[in-house]
Amino acid sequence: GTPRLARPRRPHPAARVVTVADAFVCLFTARGGRGLLTREGTIAWITEHAGTVLDPDWAGALEQVLKSR
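First residue of the sequence shown: 833, per my numbering; consecutive thereafter.
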């Protein structure tokens, strides 16, 4: 397993941005026989997972950009 940290560290800001962007691309792109989500479905998934799987600040920023276009 991985070593236990004395105090949990927050992931690097770049890693938090990339995680949100990667989730968007994976959900919105058809791969391996899996259908893609609609734009609205992708936004809903990102909103639902903000604060748990995804950084809430960056997920919110992506949601604002997607809704403005």
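From the three backbone atoms N, C-alpha and C, an ideal C-beta is built for every residue, glycine too.
- Between the region 881-894 and the region 836-853 there are three or more inter-stretch CB-CB distances shorter than 8 Å, so the stretches are counted as touching.
- Where residue 852 is concerned, the enclosing alpha helix (DSSP H) starts and stops at 845-860.
- Distance check between residue 898 and each of 875, 880, 834 places 875 closest, using alpha-carbon atoms only.
- When the alpha-carbon of residue 847 is set against those of 879, 900, 836, 890, the nearest one is in 890.
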